[in-house]
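**Student:** Sharing a structure with you now.
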Amino acid sequence: MTTLAQTGATPQLGSTTKKSFGKTPDGQPVDLYVFTNKSGAEASITNYGGALVSLKMPDRNGKVADILLGYDNADGYAGDKSYFGALVGRYGNRIGHAQFVLDGKTYTLAKNNGDNTLHGGVKGFNKALWTAKTLPAKDGQSLELSYLSKDGEEGFPGNLKVSVIYTLTDTNALRIVYTATTDKKTVLNLTSHGYFNLAGQGSGDILGHLLTIQADQFTPVDSGLIPTGELRDVMDTPFDFRKPTAIGARIDQPDEQLKLGGGYDHNFVLRMPMDKGEYLAARLLEPTSGRVMEVWTTEPGIQFYTGNFLDGKTVGKGGIAYPKRSAFCLETQHFPDSPNQPKFPSVVLNPGARYHTVTTYKFSVEK
Ligand code: BGC
């Protein structure tokens, strides 16, 4: 049975605990919800930025480690510039020249990344205080986070009602279901920005993780990391992850695209099956711990980012500083800059339509 305790006591298996996590910069109380499942895994989520704060998963010997980068309290998330674990919106990734045209009208956004808009603008969904509600789930425990993004927020049109449901299942999966509706035509691209290190946060770099991505193409970028519009074959490039390959095996090759990203910071075009529903997009194996992570999604793309901008100055959970490439992100998404790229899958949401995407991170071990 799921219980919601207000205490800081050690959580029971299959329980939900709610604790204070501090305050937002304008003084509003922030909570942390801790879910423990029947297999001993644990997920902590805050309503501030909807961030996934920690994820504790067993290794091949049953030893649990926190495999996510993050902060110990709301102050950390208030100062965060890396989007650790955050819910990202309205538009995950970049919009070129911080503008787009819808029905002949130009919408101007904030330039918070060179000449471009990144992850929703100056105050994206990662800095919003979401309304949280715990829910029972058939296969685990859920937290629903809701947020109303008002018409014109960060320059985007339409009153947008967003709901994100996180579920920690009893079989060690974390499912994220995103839904949204709007009262005016708009663009939308929601994602979750977890920084993973399957050996445990703070345990060094992620270059030895073996990665498979179900993608035959990726979207090359310009110097501002905006896609050029080309869909390039991964064959004979360092972007070919169709077979399990160490993240670090080719990351420092003198490849023009790797140079532009400072490593991997690119959208992969997923090999989507024709039928609807979630499909396997990527798989990771961390050989020393045996931890395996699979990414399943309904989205057409995935941003593979190797923490190239981490510089060891950001101090996270337990006072640990996070150096360059000490985590990777696999952000399921529509392609970057889609509002300006007519050939990319559409990110337009119309009034009366329902935005609905699902991404699940499934954890297991390889002996
Ligand atoms: C982007 C990176 C960026 C990181 C943190 C990723 O989604 O692709 O370029 O540095 O998010 O904002």
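Residue 280 in my numbering sits at position 278 of the sequence shown, with consecutive numbering throughout.
C-beta: ideal position from N, C-alpha, C; glycine also.
Given the structure is predicted, the values throughout are model-derived calculations rather than measurements.
1) Excluding sequence positions up to five away, which residues of its chain have a Cβ less than 6 Å from the Cβ of A80?
2) Could you name the residues of the same chain whose beta carbon sits closer than 7 Å to that of L332, not counting the 5 residues immediately before and after it, in chain order?
3) So is the beta-carbon of L227 under 7 Å away from any non-hydrogen atom of the ligand BGC?
4) At the level of alpha carbons, what is the spacing between V271 and D68?
5) Start and end of the beta strand (DSSP E) containing G303?
6) With 16 other CB atoms within 10 Å as the buried threshold, where does M3 fall?
7) Please go through the same chain and pick out, in chain order, the residues whose beta-carbon is closer than 6 Å to the beta-carbon of F365, but skip the five residues on each side of it.
8) Pairs of beta-carbons, one from the stretch 157-172 and one from the stretch 81-99, closer than 8 Å: are there three or more?
9) Can the beta-carbon of R327 be found less than 8 Å from the beta-carbon of L209?
10) With a 10 Å radius around its C-beta and 16 neighbouring C-beta atoms as the bar for buried, classify T48 as buried or exposed.
11) Name the residue from G51, D235, T230 and H336 whose alpha carbon lies nearest to the alpha carbon of D33.
12) Report the start-end ranges of each beta strand (DSSP E) in the stretch 195-278 that is 3 residues or longer and not cut off at the edges.
13) Nearest CA to the CA of L120: which residue from L54, T108, Y93 and W132?
14) Below 6 Å CB to CB, which residues in the same chain sit around Y149 once its five sequence neighbours on both sides are set aside?
15) Grab me the residues of E44's own chain with a C-beta within less than 6 Å of its C-beta, minus the 5 sequence neighbours each way, in chain order.
16) Please name the residue or residues paired with T334 in a DSSP beta bridge.
17) Going along the chain, which residues of its own chain have a beta-carbon closer than 8 Å to the beta-carbon of K186, five neighbours each way excluded?
18) Just to check, is the beta-carbon of S84 closer than 7 Å to a non-hydrogen atom of the ligand BGC?
19) Using beta carbons (cut-off 8 Å, strictly below), is A201 in contact with chain B?
20) Mapping DSSP to helix, strand and coil, what is P159?
21) Roughly how many angstroms separate the alpha carbons of I215 and I178, rounded to a whole number?
22) How long is the line joining the alpha carbons of K261 and T19, rounded to whole angstroms?
23) Output yes or no for whether 8 Å exceeds the beta carbon distance between F330 and I249.
24) Is any heavy atom in the ligand BGC found nearer than 7 Å to the beta carbon of N114?
25) Report the option in F23, H99, V36 and K83 whose CA atom is closest to the CA atom of P338.
26) What is the C-beta distance between D74 and K319, in whole angstroms, given that I count them as a contact (C-beta under 8 Å)?
27) Determine which residues share a DSSP beta bridge with E296 and list them.
28) Is F311 near the ligand BGC, going by C-beta to nearest heavy atom under 7 Å?
29) Just how far apart, CA to CA, sit K207 and L145?
30) Note down the Cα distance separating T183 from P138, rounded to an integer number of angstroms.
31) Where does the unbroken alpha helix (DSSP H) through Y79 begin, and where does it stop?
32) Under 8 Å, do N114 and S340 count as touching if we go by C-beta distance?
**Tutor:** So, from the data block:
1) The residue you call residue 80 lines up with position 78 of the sequence shown. If we look at A80 and ignore the five residues flanking it on each side, its Cβ neighbours are P27.
2) The residue labelled residue 332 in the question sits at position 330 within the sequence shown. Counting only Cβ-Cβ distances below 7 Å, and skipping sequence neighbours, we find A284, V297, I304 and F306.
3) By one-based count along the sequence shown, residue 227 stands at place 225. L227 Cβ: within cutoff of the ligand BGC.
4) The count along the sequence shown starts at 1 and reaches residue 271 at position 269. The count along the sequence shown starts at 1 and reaches residue 68 at position 66. Whole-angstrom Cα-Cα distance: 30 Å.
5) Looking up residue 303 in the sequence shown gives position 301. Looking at the DSSP string, the run of the beta strand (DSSP E) that includes G303 is G303 to Y307.
6) What you label residue 3 is simply residue 1 of the sequence shown in a count that begins at 1. In this predicted model, M3 has a pLDDT of only 38, less than 50, meaning its place in the structure is not dependable; the value taken from the coordinates is given anyway. So M3 counts as exposed.
7) Here the question's residue 365 lines up with position 363 in the sequence shown. Cβ within range, chain order: M59, N174 and M295.
8) yes
9) Sequence index remark: in the sequence shown, residue 327 carries index 325 (1-based). Sequence index remark: in the sequence shown, residue 209 carries index 207 (1-based). Going by C-beta atoms, R327 is nearer than 8 Å to L209.
10) As a working note, residue 48 is residue 46 in the sequence shown. Result: buried.
11) The count along the sequence shown starts at 1 and reaches residue 33 at position 31. Checking every option, the nearest Cα to that of D33 belongs to G51.
12) 212-215, 217-221 and 267-272
13) For this step, residue 120 is matched to residue 118 along the sequence shown. If we check each option's Cα against that of L120, Y93 comes out closest.
14) What you label residue 149 is simply residue 147 of the sequence shown in a count that begins at 1. Result list for Y149: A130, W132 and V164, in chain order.
15) In the sequence shown, the residue the question calls residue 44 occupies position 42. Result list for E44: T38 and K58, in chain order.
16) One-based indexing of the sequence shown puts residue 334 at position 332. Per DSSP, I304.
17) Taking the sequence shown and counting its residues from 1, one reaches residue 186 at position 184. Hits under 8 Å: D153, P159, G160, N161 and P353.
18) The residue labelled residue 84 in the question sits at position 82 within the sequence shown. Yes, the ligand BGC has a heavy atom inside 7 Å of this Cβ.
19) Going by chain labels, chain B is absent from the structure shown, which holds only one protein chain.
20) The sequence position of residue 159 within the sequence shown is 157, counting from 1. DSSP places P159 in coil when its eight states are reduced to three.
21) Within the sequence shown, residue 215 is the residue found at index 213, counting from 1. Within the sequence shown, residue 178 is the residue found at index 176, counting from 1. Roughly 20 Å separates the two Cα atoms.
22) Position 259 of the sequence shown, counted from the start, is the residue given in the question as residue 261. Position 17 of the sequence shown, counted from the start, is the residue given in the question as residue 19. Going by the C-alpha atoms only, they are around 45 Å apart.
23) For this step, residue 330 is matched to residue 328 along the sequence shown. For this step, residue 249 is matched to residue 247 along the sequence shown. Yes, they are a contact pair.
24) As a working note, residue 114 is residue 112 in the sequence shown. Answer for N114: no, Cβ out of range of the ligand BGC.
25) Stepping through the sequence shown from its first residue, residue 338 is reached at position 336. Checked all of F23, H99, V36 and K83; the closest Cα to P338 is H99.
26) The residue you call residue 74 lines up with position 72 of the sequence shown. The residue you call residue 319 lines up with position 317 of the sequence shown. Indeed, because the Cβ distance is near 5 Å, the residues count as touching under 8 Å.
27) Your numbering for residue 296 matches position 294 in the sequence shown. Paired residue(s): R285 and K364.
28) Residue numbering aside, residue 311 sits at position 309 when the sequence shown is read from its first letter. Yes, the Cβ of F311 comes within 7 Å of a heavy atom of the ligand BGC.
29) Translated into positions along the sequence shown, residue 207 becomes position 205. Translated into positions along the sequence shown, residue 145 becomes position 143. According to the sequence as given, residue 207 is Asp; it is not Lys. Between D207 and L145, the C-alpha separation is close to 31 Å.
30) Taking the first residue of the sequence shown as position 1, residue 183 is located at position 181. Taking the first residue of the sequence shown as position 1, residue 138 is located at position 136. Roughly 24 Å separates the two Cα atoms.
31) Residue mapping note: residue 79 aligns to position 77 of the sequence shown, counting from 1. Run containing Y79: A76 to G81, per the alpha helix (DSSP H) assignment.
32) Taking the sequence shown and counting its residues from 1, one reaches residue 114 at position 112. Taking the sequence shown and counting its residues from 1, one reaches residue 340 at position 338. No. Outside cutoff.
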